[in-house]
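For reference, the structure discussed in these notes is given below.
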Amino acid sequence: MTEVEVLQLLVSPAHRLAGRPSDGPADGPSDERVPLVEVRRGLGIVGDRYYARPAHRMAAVTLMAAEKLPVAIDGSADLRHTRRNVLLRGVDIDACVGATIVLDCGTGPVVFAVNRPARPCAWMDVTIGPGAQRALRGGGGVRCTPLSDGVIRLGPATFRVVAGPGDTNEP
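Residue numbers (this note's numbering): 707 to 877.
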């Protein structure tokens with residue numbers, strides 16, 4: 707078990723990075739970061755744009771390591787720039803592709819199947835700054851399917867891998 711910290715959570719009801727990056731992000735709330743999220747098994751994060759969308763069930767929740775987040779031109783970068791849902795400090799989440807993981811913020815465990823990398827797109831060069839897409843290659847986070855219901859909140863948490871790639875054990 708590893709001690710981690712949940713630094714940021716983002717719930718976005720609308721897809722704001724659509725179309726051409728040169729046109730800029732679509733309008734929306736100035737801050738979609740929240741103190742906690744409700745996760746539903748097989749559906750995603752309640753209120754998020756990918757919640758219960760069949761095409762996104764294998765990628766309903768995205769987790770990202772803060773250690774991989776490049777600094778933006780203005781000196782800051784966060785989930786509003788990357789559009790990931792959960793920003794963690796203290797774990798190389800990108801190394802967990804193919805694993806089953808558990809995140810517990812003290813409200814009970816939330817289990818995820820880590821399905822694939824969340825590959826950075828050209829939008830990163832617009833929202834963070836030139837070169838961000840390249841800097842995030844191999845570190846853009848992971849797309850997951852929630853395997854249990856639960857709550858994730860800001861602050862300290864525990865993280866563990868319960869099944870590695872190819873394991874048949876379920877948590």
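Just so it is clear, CB atoms sit at the ideal spot from N, CA and C, and this is done for glycine as well.
Fair warning: this is a prediction, and the values are worked out from it, not measured in the lab.
{"query": "Could you tell me which residues DSSP puts in a beta bridge with I751?", "result": "V745"}
{"query": "State buried or exposed for R822, treating a residue as buried only when at least 16 other CB atoms are found within 10 Å of its CB.", "result": "exposed"}
{"query": "Determine the closest residue to L775 out of C850, R759, R795, with distance taken between C-alpha atoms.", "result": "R795"}
{"query": "Quick check: the Cα distance between P760 and T768, rounded to an integer number of angstroms?", "result": "16 Å"}
{"query": "Between the alpha carbons of G812 and L742, how many angstroms are there, rounded?", "result": "12 Å"}
{"query": "By a C-beta neighbour count over all protein chains shown, 10 Å radius and 16 as the cutoff for buried, is V857 buried or exposed?", "result": "exposed"}
{"query": "Provide the residue span of the beta strand (DSSP E) that contains R759, from first to last.", "result": "Taken as a continuous stretch (DSSP letters only), R759 belongs to no beta strand (DSSP E), as it is neither H nor E."}
{"query": "Buried or exposed for A758, going by 16 or more other Cβ atoms inside 10 Å?", "result": "exposed"}
{"query": "In terms of residue numbering, what span does the beta strand (DSSP E) encompassing L769 cover?", "result": "767-771"}
{"query": "Does the beta-carbon of P852 have 16 or more other beta-carbons within 10 angstroms, so that it is buried, or is it exposed?", "result": "buried"}
{"query": "With distance defined between alpha-carbon atoms, name the residue in D754, G845, V817 nearest to T864.", "result": "V817"}
{"query": "Tell me whether the beta-carbon of T708 lies closer than 8 Å to the beta-carbon of R825.", "result": "no"}
{"query": "Can you tell which of R747, E773, M770, G753 has the C-alpha that lies nearest to the C-alpha of R763?", "result": "R747"}
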